[in-house]
Structures are given as structure tokens and as C-alpha cells.
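The structure appears below as C-alpha cells.
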Amino acid sequence: MDSYSFCQALGPAEGNRQLKRHWKTWVTYDHLARLASKGINALRIPVGDWLFAPYSPYVGCYDGALEYVDLAVEWAQDLNMSVLFDLHALKGSANGLDNGGITVGLAWTSTLQDVAPGAKTFEHWPRRTANW
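This is the structure in C-alpha cells:
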């Protein structure tokens, strides 16, 4: 199930409850420490644009997600790993697949653009208060 449909079907409270349970167990410090001990020196973190400027149906559903991103980056720093942020999904879908945010009701563009419409995702970085 794609993220859009997940939040739409469960609503913000239940969706957020389930996501927080998932975030606490999906990747832990111990997981990263095991990877680092095997010589893995980089961590890829896929993110959707809704983490930075939430819009419907993500409002409330993804509350707390950036704190987990911050935590993962802090763990990676502690383990001397580099971090690659992968802007994995944009409003309207990045690719029409479940990993692109939404799989139904998307409209493909017929024009070539350098920037996705409304993309302002990484403007938040100068304002972040994370210690990394």
C-alpha cells in the first residue's frame, strides 16, 4: 500500500500510531552498528516531500517522522557512516508506484521541467535545528 492511501484509509491518528510503532523497530542503532561492523559506510534514507511541508492526507499521519530521520543521522554520525537523502516521492507521485507515494489518480505531465511543480522540499535545511 502506498503512503497516500495508508494515511487516507487510516486517518491521521491511527496512521501515526502505526507508523511510530514501525519507525521504532524498522531501523535501530543495533542494525546500523551491525552494518558498520561489516564495512558498510553509507546510509540511504528515502524521504517523501510531505515530511517537510505536510499536506493532505499526510498532515498528522507523519507527525514525528523528522525526529526519526534526525535520530538515524545521529546514529550514522556516531558510527562514521555517510548519509544520502533520497527524495523518494513528490506531491502527485514520483513514478506511479507504491514507493513513489501514490499509485492511483496521478496525472503525468507532457512537458519537460527542471523542478517538479511546487517542489520546495529542501528549503527547510537551513532552518533545521538538528545537531548534525
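In my numbering, the protein residues as written are 57 to 188.
Even for Gly, the Cβ is constructed at its ideal location relative to N, Cα and C.
This one's a predicted model, so the numbers in the text were calculated from it and none came from an experiment.
Checklist entry - What is the DSSP secondary structure of D142, counted as helix, strand or coil? => result Strand, per DSSP.
Next on the checklist: Given this structure, state the Cα-to-Cα distance separating Y114 from E123, to the nearest angstrom.
Outcome noted: 16 Å
Next on the checklist: Please give the ranges of any alpha helix (DSSP H) in the segment 73-108, keeping only runs that are unbroken, at least 4 residues long and fully inside the region.
Outcome noted: 85-93
Checklist entry - From N136 to P110, what does the alpha carbon distance come to, in whole angstroms? => result 31 Å
Checklist entry - What residue range is occupied by the uninterrupted alpha helix (DSSP H) comprising Y114? => result Y114 -> no alpha helix (DSSP H), and no H or E assigned at all.
Next on the checklist: Using the Cβ count rule (16 or more neighbours within 10 Å means buried), how would you classify W131?
Outcome noted: buried
Checklist entry - Any chance the CB of G120 is under 7 Å from a heavy atom of the ligand ADP? => result Absence of the ligand ADP is noted for the structure shown, with no ligands found whatsoever.
Next on the checklist: Tell me which residues share the same chain as N72 and place their Cβ nearer than 8 Å to its Cβ, disregarding the 5 neighbours each side in the sequence.
Outcome noted: For N72, where only same-chain residues beyond five positions count, the Cβ hits under 8 Å are G116, C117, Y118, D119, G120.
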